[in-house]
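Inspection log for the structure reproduced underneath, given as structure tokens.
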Ligand code: GTB
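Residue numbers (this note's numbering): 63 to 274.
Here it is in structure tokens:
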């Protein structure tokens with residue numbers, strides 16, 4: 063069955079790969095599944111046809127025959143469960159890899175999203191100058207622990223998994239801030255993720271859309 067995902071017809075990042083369709087593209091490439099992309103405008107996102115697939119009017123979405131999904135975490139988890147390559151077979155190792163997916167989305171990403179909001183949506187507020195250092199320190203509190211946990215390991219728990227795919231994707235959003243450079247092992251971890259052939263293909267595919 064054909065897999066169709068949605069992505070911005072023009073991503074605000076101009077092709078840096080930060081919009082979340084890149085995470086889904088990466089997972090699809092890791093498991094070797096071909097896919098089609100329906101490009102949507104910001105107006106399309108809030109139109110009834112798209113709201114029927116994602117009630118929040120966002121990308122990415124995933125359609126495969128009668129199955130229609132939204133939420134990047136759920137889509138990547140679905141791909142990892144239905145194909146080999148993104149989750150270990152061993153029951154406990156699988157549970158730990160899934161835990162890292164949740165940790166990426168629920169524990170590490172929220173302060174990173176706060177920083178983006180503080181800069182982009184709230185950048186002109188009089189309190190932004192005072193707020194930014196606080197938000198950055200909340201990110202560092204997470205990265206301090208993540209860095210300690212990763213140590214000198216290649217991936218978070220043995221072989222590369224959907225947990226690493228999600229964690230690397232989340233950390234990539236920090237690159238412009240310079241905070242990632244404060245953590246040598248996390249910078250190297252992200253670079254290893256970006257060097258994976260599946261990531262390179264996913265990045266190139268989204269860039270091809272946004273560089274037009
Ligand atoms: N929890 C949802 C998920 O994980 O799928 C969040 C999805 C989401 O935030 N989608 C964003 C969206 O559709 C695009 S990815 N926004 C439009 C809207 O809400 O109306 C977030 C994003 C967008 C742009 C950049 N960028 O340009 O750097 C980075 C990340």
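Beta carbons: idealized from backbone N, C-alpha and C, even for Gly.
All of these numbers come straight from a predicted model, not from anything done at the bench.
Contact check, residue i vs residue j, beta carbons under 7 Å
i: residue 225; j: residue 233; result: no
i: residue 98; j: residue 147; result: no
i: residue 80; j: residue 235; result: yes
i: residue 231; j: residue 149; result: no
i: residue 83; j: residue 115; result: no
i: residue 175; j: residue 197; result: no
i: residue 102; j: residue 134; result: no
i: residue 100; j: residue 64; result: no
i: residue 123; j: residue 132; result: yes
i: residue 107; j: residue 119; result: yes
i: residue 273; j: residue 127; result: no
i: residue 89; j: residue 141; result: yes
i: residue 201; j: residue 172; result: no
First through last residue of the beta strand (DSSP E) which encompasses residue i
i: residue 129; result: 129-132
Inter-residue CB distance, residue i and residue j (contact presumed, cutoff 8 Å)
i: residue 138; j: residue 228; result: 6 Å
i: residue 194; j: residue 248; result: Actually they are not in contact, since the Cβ atoms of residue 194 and residue 248 sit about 21 Å apart, beyond 8 Å.
i: residue 241; j: residue 205; result: 7 Å
i: residue 255; j: residue 155; result: Actually they are not in contact, since the Cβ atoms of residue 255 and residue 155 sit about 19 Å apart, beyond 8 Å.
i: residue 203; j: residue 190; result: 20 Å between Cβ atoms; not a contact.
Residues that residue i bridges to, as DSSP identifies them
i: residue 67; result: 99, 124
Unbroken alpha helix (DSSP H) run spanning residue i, endpoints
i: residue 244; result: Where residue 244 is concerned, there is no enclosing alpha helix (DSSP H), given that its DSSP letter is neither H nor E.
i: residue 118; result: Note, residue 118: premise wrong, no alpha helix (DSSP H); not H, not E.
i: residue 268; result: 259-272
i: residue 145; result: Counting along the chain, residue 145 falls outside any alpha helix (DSSP H), and DSSP gives it neither H nor E.
i: residue 84; result: 83-92
i: residue 107; result: 104-107
i: residue 154; result: 153-164
Length at least 3, wholly inside the stretch 180-229: the beta strand (DSSP E) runs in chain order: none
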